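Per UniProt numbering, the very first residue in the sequence shown carries number 1; after that it's consecutive. Ideal Cβ positions, reconstructed from N, Cα and C, are used throughout, including at glycine. Model, not experiment: these values are computed from the prediction.
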Amino acid sequence: MSGAVKPSGAAATAVEVAVWWAALTGLWLVLVSSLDTLEYLVGAAAALLGAFAARAARRAAAGDADRGWPR
């Protein structure tokens with residue numbers, strides 16, 4: 001067994017969204033031709049929305065979209 005601890009709940013959600021946000025922000029920075037403060041803020045906000053959408057899509061594809069909700 002490995003000694004790694006797998007985060008669960010809110011910690012796992014935060015880590016997954018942060019990783020998606022970093023990846024999408026990095027991709028946007030590579031593709032943008034000029035960098036201004038406002039452009040960076042808008043790109044970072046769009047990447048955050050994309051991170052939440054990517055997480056929702058991954059959960060839906062995995063079949064655990066309804067996990068945690070009372071029936």
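Short of 6 Å from the beta carbon of residue 20, and not among the five residues preceding or following it, lie these beta carbons of its own chain, in chain order: 51 and 54.
Excluding its 5 nearest sequence neighbours in each direction, residue 46 has no C-beta neighbour in its own chain below 6 Å. Contact between residue 25 and residue 11 fails: their C-beta atoms lie close to 21 Å from each other, not under 8 Å.
Following the DSSP letters along the chain, one finds residue 35 in no alpha helix (DSSP H), marked with neither H nor E. Under the three-state reduction of DSSP output, residue 63 falls in the coil class, being neither helix nor strand.
Out of 48, 56 and 61, the CA that lies nearest to the CA of residue 28 is found in 48.
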